[in-house]
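Beneath this line is the structure, given in structure tokens, with notes to follow.
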Amino acid sequence: MTPTRQPTVPSKKTIQESFHGASTRRAYTTYQKQFEMFLQTQKGGIDPTTSGTEECTDFFHYLYSQGKKARTIDLAKSALVAYFNARRVAPNPAQDTTARHYIVGLQKYNKQNNVDEEKKAHPLTVQELSTLVNALASLHPFLGSMLRFLLAVSFLGCFRMSEVLALRWNDVQIVSDQIGRYLSVRLRWHKKAGVEEDCQVYHLVDETSFPCLLVCGFHDDYTAKLRAYCVNLTSTAFVFPNVVMQHNGVPRVEWYHGLEQANLRKWLGDLVDATPNLPIGISLHSLRRGGSFYSVFESRERRFNFRELMAWCRWTDAKTCCEYLVTQSISNDIDPRNLLRTPKFQHSTQWPELGAVGLPFTVDAVGQALAKSLQEHTVGRHVPTKVRTQRPMDMYVAQKSIPTAHSAREAWQQWFVADPNIGLVCALKDYTKDMIKLDRKKYSERLTLAMAFSKFQTFDQFEAAYTGFTASYARILREVRLRKRSGTM
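The UniProt record's numbering puts the first residue of the sequence shown at 1, with every later residue one more than the last.
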């Protein structure tokens, strides 16, 4: 019988370092190296372990003079605290009262002088989410179905994006009971402060009032795509894997590597730039902010109160709840898109006489106006259900404009001659800027071949000059690029 191998016990330092996530450790390392470089260049190369509070505050002011935000400098202070603790420097100069006064004073100065105001992420509305989901039809079918499911889960669940991208297939399950269907999500929290409560199960139900929030339907569509592509996955594979778009337009999927936020941020930015109806301030955090506001004020089927939202989003103080909700409710009243659409006389009340204390209204009048306003908001906002019609695929899918060429002869013909039978409405040399944008990479390849085409009158002359390479499109493209770099084209 093979003896059981004893598990290796991690060291105390390894367990303590696990408290901080990878991004926090990376940021700490960056600022610690900058502090060492600052001492070497600005302070005569003194030993970091012998530096004091004066050097720390000078480093903070140096970062501020380089354009860093107050929040960034506060993170640099935490990095220096960990830096001196690791070297057993006591007392810790980064925790001195003078260093703390500089950080607090910088925040107060910025607040008093309206400097370095923190820009909150744009809270995504459900209408903007619907527009964004419709814009996903221009992507690859698999990528579009995955992103539709991701957006619905993030918005309806008000989850952090890092938590959503960490979901695996054993964390997601469709459940049916006597009431209906719902999506059960086991979310692993990215915060390490409460280690004893490292996960929580959430049940997401379809919001039938808005088709963009049919999370169970998007789950079914996503799994149907996986079955159509004959993908066999284990329970430890990521629900949202990393996707790399190749040059041929076919995505390469890495199922055991989670989707990177940089790639998701780039796809989202491209969709926003291509859709004029969407504001440019949309980011990944907009889904959590917008979903929180929707759950309290706009949901027509299951609306949260403030305490329920704080429990759902795991907020421990009301300040965070107010930052998520009050900001958007105030900005909606002064949204430039609504100023000319809403008459001002509907929101004004004429007061006939002064009150008992010299004010232009009385307490009874305020109560009557408030009751009337609430009745108008609750009774008058009945929206009839729209009749759903099936729309053609051409309204959503943007077809590729450049057909595939298998040889140099086909590339020659497509460059000079239009062929509607293969979808080429005009010759590639006559393409407009808008047509080029649909397939910029492939057009760049044809433009490289056109530099070689322009040196010959007929294709026979071109074939004689590139003997042995014209039978394959990949080989002729590689040869033309090689001759272009060597200057022998």
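We treat Cβ as the ideally placed atom computed from N, Cα and C, and that holds for glycine.
Beta-carbon separation (whole angstroms), residue i vs residue j, contact threshold 8 Å
{"i": "residue 185", "j": "residue 202", "result": "5 Å"}
{"i": "residue 282", "j": "residue 143", "result": "In fact, because the Cβ distance is near 18 Å, the residues do not count as touching under 8 Å."}
{"i": "residue 103", "j": "residue 73", "result": "7 Å"}
{"i": "residue 132", "j": "residue 156", "result": "The pair is not a contact, with the Cβ atoms about 14 Å apart (cut-off 8 Å)."}
{"i": "residue 60", "j": "residue 77", "result": "7 Å"}
{"i": "residue 299", "j": "residue 309", "result": "The Cβ separation is near 11 Å, so there is no contact."}
{"i": "residue 428", "j": "residue 446", "result": "5 Å"}
{"i": "residue 38", "j": "residue 64", "result": "Going by Cβ atoms, the distance from residue 38 to residue 64 rounds to 13 Å, so no, they are not a contact pair."}
{"i": "residue 205", "j": "residue 182", "result": "5 Å"}
{"i": "residue 149", "j": "residue 219", "result": "6 Å"}
{"i": "residue 187", "j": "residue 200", "result": "6 Å"}
{"i": "residue 238", "j": "residue 222", "result": "Not really, about 13 Å apart at Cβ, beyond 8 Å."}
Buried versus exposed, by CB contacts within 10 Å (16 or more), residue i
{"i": "residue 161", "result": "buried"}
{"i": "residue 289", "result": "buried"}
{"i": "residue 291", "result": "buried"}
{"i": "residue 128", "result": "buried"}
{"i": "residue 460", "result": "exposed"}
{"i": "residue 482", "result": "exposed"}
{"i": "residue 486", "result": "exposed"}
{"i": "residue 542", "result": "The requested residue 542 is not part of the displayed model; the chain covers only 1 to 489."}
{"i": "residue 260", "result": "exposed"}
{"i": "residue 437", "result": "exposed"}
{"i": "residue 452", "result": "buried"}
{"i": "residue 432", "result": "exposed"}
{"i": "residue 94", "result": "buried"}
{"i": "residue 86", "result": "exposed"}
{"i": "residue 349", "result": "Residue confidence is low: residue 349 scores 45 on pLDDT, short of 50, so the model does not pin down where it sits. Its coordinate-derived value is still stated next. Burial call: exposed."}
{"i": "residue 168", "result": "buried"}
{"i": "residue 488", "result": "exposed"}
{"i": "residue 470", "result": "buried"}
{"i": "residue 273", "result": "exposed"}
{"i": "residue 229", "result": "exposed"}
DSSP-derived helix/strand/coil call for residue i
{"i": "residue 489", "result": "coil"}
{"i": "residue 279", "result": "coil"}
{"i": "residue 124", "result": "coil"}
{"i": "residue 15", "result": "helix"}
{"i": "residue 38", "result": "helix"}
{"i": "residue 238", "result": "strand"}
{"i": "residue 424", "result": "strand"}
{"i": "residue 47", "result": "coil"}
{"i": "residue 96", "result": "coil"}
N- and C-terminal bounds of the alpha helix (DSSP H) containing residue i
{"i": "residue 443", "result": "440-453"}
{"i": "residue 244", "result": "Unbroken run through residue 244 is the beta strand (DSSP E), 241-245; no alpha helix (DSSP H)."}
{"i": "residue 61", "result": "53-65"}
{"i": "residue 416", "result": "408-416"}
{"i": "residue 457", "result": "Element bounds for residue 457: n/a, residue is neither H nor E."}
{"i": "residue 402", "result": "Element bounds for residue 402: n/a, residue is neither H nor E."}
{"i": "residue 71", "result": "70-86"}
{"i": "residue 220", "result": "215-228"}
Query raised in the report: Which runs of the beta strand (DSSP E), 3 residues or longer, sit entirely within the stretch 141-213?
Result: For the stretch 141-213, whole beta strand (DSSP E) runs of length 3 or above, ordered along the chain, are 172-176, 181-188 and 199-204.
Q: Counting only runs of 4+ residues fully inside the stretch 246-316, write out the alpha helix (DSSP H) ranges in chain order.
A: 261-274, 285-293 and 306-313
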